[in-house]
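Note that the protein sequences, when read in sequence, are chains D, F, W and H. Numbering-wise (numbering that gives the first Met the number 0), the first sequence opens with residue 0 and increments by one. Numbering-wise (numbering that gives the first Met the number 0), the second sequence opens with residue 0 and increments by one. Numbering-wise (numbering that gives the first Met the number 0), the third sequence opens with residue 0 and increments by one. Numbering-wise (numbering that gives the first Met the number 0), the fourth sequence opens with residue 0 and increments by one. All C-beta atoms in this analysis are idealised placements derived from N, C-alpha and C, irrespective of residue type, glycine included.
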Amino acid sequence: MAEFLQFAFSGLTVGAIYALVALGFALIYNASHVINFAQGEFVTIGGMATVALMTGGGLPLLLAIPAAVMITALVGLALEKFAVEPAIGRPGGASVVTIIIITIGASIFIRGVVQVTLGKDFHRLPAFSGEAPIDILGARLQPQSLWVLGVTLLVVAALWWFFGRTRFGKAMLATSHNRLAAQLVGIDTRLVLLASFGLSAALGGLAGILTAPITLTKYDIGIMLGLKGFAAAILGGLGSGPGAIVGGIALGLAEALAAGYISSAYKDAVAFIIILVVLFVRPSGLLGGRSTERV
Amino acid sequence: MNKRNFLRTAAALVALGALGIAGAQAQQGPIKIGSFLAVTGPASFLGDPEAKTLRLYVDMVNKAGGVNGRQLQAVIYDSAGDARQAVTFARRLIEEDKVDIIVGGSTTGETMAVVPVVEEAQIPFISLAGANVIVEPVKKWVFKMPHSDRMAVEKIYEDMKKNGKTKAAVLGGSGGFDQSCRKEAKDLASRYGITVIADETYAPTDTDMTVQLTKIKNTPGVEGIVGCGFGAPTAITARNYRQLGMQNIQFYFNHGVGSQQFIDGAGGGAEGMRVPVAALLVANQLAGNDPQKKVAEDYTRAYRAANNNEAVSTFGGHMYDGFMIAIEAMKRAGGTDKAKVRDEIEKTKGFVGADGIYNMSATDHMGLTLDSFKMVEVRNNTWKLLY
Amino acid sequence: MSVLTVENLSKGFGGVQAVAELSFSITEKRIHSIIGPNGAGKTTLFNLITGIYTPSSGRISLLGDDITGLPTAARAARGIQRTFQNLQIFFNMTALENVMVGRHLSLRPRLLPSLLRLPASARADRETEAQAADLMAYVGLGKWLDADADAMPYGALKRLEIARALAARPRLLLLDEPAAGLNAVETAEIDELIKRIAAGGTTVVLVEHDMKLVMGVSDHILVLDYGRKLADGTAAEVRANPDVIRAYLGAGAA
Amino acid sequence: MRRLLDARTGGLLALALIIALLPLILPNKFYYDVAIKTALNALVCVGLNLLIGYAGQISLGHAGFFALGGYASAVLTARYQWNGFAAMAVGMAGVGLLAFIVARPILRLRGHYLAMATLGLGIIIAIVLNREIPITGGPDGMTVPALRLGEWRLIGTTTWYWISGGVLLIAVWLALNLIDSGVGRALRALHGSEVAAETVGIDTTRYKVLIFVISAVFASLAGSLFAHAERFITPTEAGFMRSIEFVTMVVLGGMASTYGAVVGAAILTVLPQLLTKLHDYEHLAFGAVLILVMIFMPKGLVPTLQNRLRHLVGGQPR
């Protein structure tokens, strides 16, 4: 029991990280049908910027966190404004492949900038509420894991409120359902697109900060987190918010349990094997809806 | 159609022309030391200090008048730890830059990929990578600097044996550096009367090792854990080790963690862990009469002064040794004749480097013994020399 | 004899019944029209007949064979071709190549001969090219042979789709609003083209809003309203049907 | 059509000339090495372009097929003393089979799902190659024996320059043939409009599977040749970034242009050799180049330049 709990804690913690990244994918995908392969780099920026602000800028953690989230959001906005929009906004739009290459180019570029400005070393943030582990039924949990899980829940609640209760959130939701119709009723879909990148980047940055005390942070930590987050987003059903959360947690748990009860040798393959099986059996993902194409 | 032809030709010419300009540099003058290193990528913790060290010492030697009256020039390429790129860069160093010797190759994979190239070109090559396969069997033109993965494991097993521990668990990453150490750990165990009763793996990108550690914790009888790895995963492992309250089991890491960054990243979790490292890391704790003390302290001082007070790692030390052995050999050979330099490298005797005292021979192209490895323990967030 | 028979066909999207309990049959070598107000389910019906949509219930048979479960390509192989209301041109090809694709079923290209460009394969390709060029001349696109499809005007693209469909030598040709967006002269030309096609032995089914065109060419008209059959018969019969008049001109006009 | 034919024979002739004359200006083995890698990358890209550029499908896992081909050659010749050509053929057949098995379910999917599936497949292949140390040598890679033709050991950069250049030429010829055949038109049609392609009787799934398999086999062949040319192979060849590199080459050179694929491969193979002078700024610059080209030349270099040139000379459309 204690062993299972320990595995589950590990899976939940890692899963929550995947979930936050997946949520970022879903946000942008909904607004623009763009898969942002630079999503993982937002995680990098969040963590690395916090470290830089604390060690280089001498800011206390409480100030460094919002500042780093802001910085990440700004990078997200810049990415949309200077790299994605010029391509999408062109008459005739851009093909899926073109946008994929652009966001991949952006991820390489961002990694390059972080590496040049903040270095190649890994860094650690202090845990928000100490390092002393908590004992639960014989399994031991880092207090920071609770922070990660708690904030993930808060984010989900906040997003639910945002999309369900605010005017702008509803506008974003409308755009995701039918871009043209949204434009016709007067929604500024370009602003929605911009906002989705900003919001998604802020989420990624937050994820990077929350997890840096557990996973440490490094200029290239975003690569794998980005890919796993993408897998989680697909698993849950691309574009579905609750799906992203479920997909992330499910992947995290599956990895931990597979490593625990089967073998750790292929732990990092688990996510991709699951995703392949799911795509073979149920391509729309766990919670994704089916869509009929119109001719 | 003509336009297509024209375009294609133009593109090819532009590309080749640019290459030519980039490569066409003076062929006479300075002694050229070529290097391909994993300056970026997953193994950048190796390549980065190595590149910095090479630049630093080329400058220092030049200021002191160079070698045999000639200035030195370093040509460094970033292979990102990728064997494919390493081969291209090795060819570039040999054919285009016409270097006199190659000191480089941060990882075993890139080193081994380059071996056929240097053997064919007949140019001395001093590798900075760890695995024994590089020099076993001996390859005429290939030498290697640091302690091998095998020696690190031997040092660990000696310590376990001394403390009466016979049941070991192995925990390592899936990268080349880690896998080589894991293999040695399993192969050598019986020779020290040790049995490996648990064996766990993580990916270099993993962010949590509690699952693997829990399995080791729940394997009855484990007395010592041999950790194989480097970089962030090792720091995470240390944190999880403390989180799970496993301090009753002695944890050993191999020399991949030999930097202050590991201790800082572990956030206190590394306390009590033991690591076999080169003397460099504990230079100030060496006995006054230790021949390595001065070398290690000088290197530390120079490196920190040149690099914003950045803490030294043992990996930069590999480059220091390789570079020094190379120029010593050139001095003895009285020039850069490749065959002569190779012979002189092979004759290196009693060279005191950061990694130890080198005694090479026709059958030993590494030249280090277990003695020069130091066992250290993390105490109060710093390395404490044990023996 | 009946080329196409539709029995009790229904298709719903969510709560909306686009086609409901529809039955009718199409007889050979004539021009049939399907008319009805917007949203009457005409295009949905075409999509059901060609297998782009699967029906919620009902049966479609071609020349007596049930084809309800067949995929689109297999229905094409049995002789159904269509054009699209909102063009589905291969814009990444030339006009001629668009029509050559229409010959796909009889060309049956094979991989290895194509890769190696064996003489037989090259010869078949040249024949296909000649046939496609003839067809383009037939629909009046003779001067557009080498044009890129994306450089052609709307009216020409309408004909290009017809030429592509004809290339497959269909038994049943479904034309979805062939005259939409065309001027009077062009519409007259299309009118004439449709008659020629039918005269050549192909059964034509037309969805069209241009009543002048419909009444002029059709041997038989089917009127749909909210997915249901409102009336069918000859042009004169339909014109006189009070239900049709009510649907088109509004209640009270009857 | 006549014009197309001319472009084919003319273009092929030009490519053959370049390959034949390049040695006159290649000063040393390093340049040959770059040329070999260019040709082998181009070989992958010519195949991948059939999938991306002509059939409109995306694969983020082609490095996996490349590496599988390479390892088939490496393992079968080194560990089981197979004849190199037999190993190569078995590798191609095996990769083709694997591609076929995964393709049917995967290719029902579109756009991003397909990207994810191929990405996952590639990563799984990379992980397997990394883990199965007794067979593959693990992350440090393995040495590959020389390819033998009878008693003749095919070694040395010049030999491999001619081999890879020749194979590339044949591959380009095959690709051009295919594109200009009924099969090629069917592929382009399903890219242009999948619905319309179905309506004219094209079994689109079958064609997508077919082209996916062909492009995988091209990659496998390139991998086998790479393993023998380099005499060494590591699992990095299967890595995600390598797959991205291939796709980028195709897109950069120009989708739906076979010569574009070759040019893209050449540029992205040579570019890192130029950027290496930038040291730490190398990756940053590479990322920036990708973004800028995609924004300003979304059709890729070759088609864009062709258009510009056509406007300059004021030629007729097409």
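Cβ of residue i within 8 angstroms of any chain D Cβ
i      : result
H:I123 : yes
F:A237 : no
H:G119 : yes
H:P104 : yes
Neighbour-count burial assignment, residue i, 16 or more Cβ in a 10 Å radius
i      : result
W:R195 : exposed
D:T12  : buried
W:E191 : exposed
W:F45  : buried
W:E126 : exposed
H:E150 : exposed
W:R158 : buried
D:A280 : Rather than Ala, the amino acid found at residue 280 of chain D in this sequence is Val. Burial call: exposed.
D:D219 : buried
F:G333 : exposed
F:D47  : buried
W:N185 : One point to set straight first is that residue 185 of chain W is Glu, not Asn, in the sequence displayed. Per the 10 Å Cβ criterion, buried.
Sheet register partners of residue i (DSSP bridge)
i      : result
W:S24  : W:T4
W:K228 : W:L223
F:M374 : F:P275
W:H31  : W:V204, W:H219
F:I224 : F:A168, F:F250
W:Q80  : W:L172
H:M141 : H:I232
W:Q16  : W:G11
F:V66  : F:R69
Cβ of residue i within 8 angstroms of any chain W Cβ
i      : result
H:H190 : yes
H:L108 : no
H:T8   : no
H:A98  : no
Below-8 angstroms beta-carbon distance, residue i vs any chain H residue
i      : result
W:L44  : no
W:Q80  : yes
W:I161 : no
W:P241 : no
F:S173 : yes
W:S56  : no
W:A198 : no
D:L104 : According to the sequence displayed, residue 104 of chain D carries Gly and not Leu. Judged by the 8 angstroms Cβ criterion, D:G104 is in contact with chain H.
D:V294 : The predicted position of D:V294 is uncertain, since its pLDDT is 42 and thus under 50; no value can be drawn from it.
Nearest-angstrom Cβ-Cβ length linking residue i and residue j, presumed shorter than 8 angstroms
i      : j     : result
H:G263 : F:A82 : With a Cβ gap of about 23 angstroms, H:G263 and F:A82 do not count as contacting.
F:A50  : F:V66 : Not really, about 20 angstroms apart at Cβ, beyond 8 angstroms.
H:S242 : H:H61 : 5 angstroms
Minimum Cβ-Cβ distance from residue i to chain F less than 8 angstroms
i      : result
D:P132 : yes
D:R189 : no
H:K28  : yes
D:Q5   : yes
Mind listing which residues of the segment 281 to 312 of chain H have their C-beta closer than 9 angstroms to chain C's C-betas, in chain order?
The structure shown has no chain C; the protein chains it does contain are D, F, W and H.
By the 8 angstroms beta-carbon criterion, what residues does the segment 192 to 212 of chain F contribute toward chain D?
Listed in sequence order: E199, T200, Y201, A202, T204, D205, T206, D207, T209, V210, Q211.
Short of 7 angstroms Cβ to Cβ, which residues in the segment 243 to 267 of chain F face chain D?
For chain D, the residues of the segment 243 to 267 of chain F that bring a beta carbon within less than 7 angstroms of one of its beta carbons are L243, G244, Q260, D263, G264, G266, G267, in chain order.
What residues in the segment 155 to 168 of chain F have a beta carbon less than 7 angstroms from any beta carbon of chain H?
Within the segment 155 to 168 of chain F, no residue has its Cβ closer than 7 angstroms to any Cβ of chain H.
Interface positions of the segment 40 to 53 of chain F facing chain D (Cβ-Cβ less than 7 angstroms), listed along the chain:
Cβ contacts with chain D: S43, D47.
Taking any Cβ of chain D, which residues in the segment 164 to 195 of chain H have a Cβ under 8 angstroms from it, in chain order?
So the close ones are V194.
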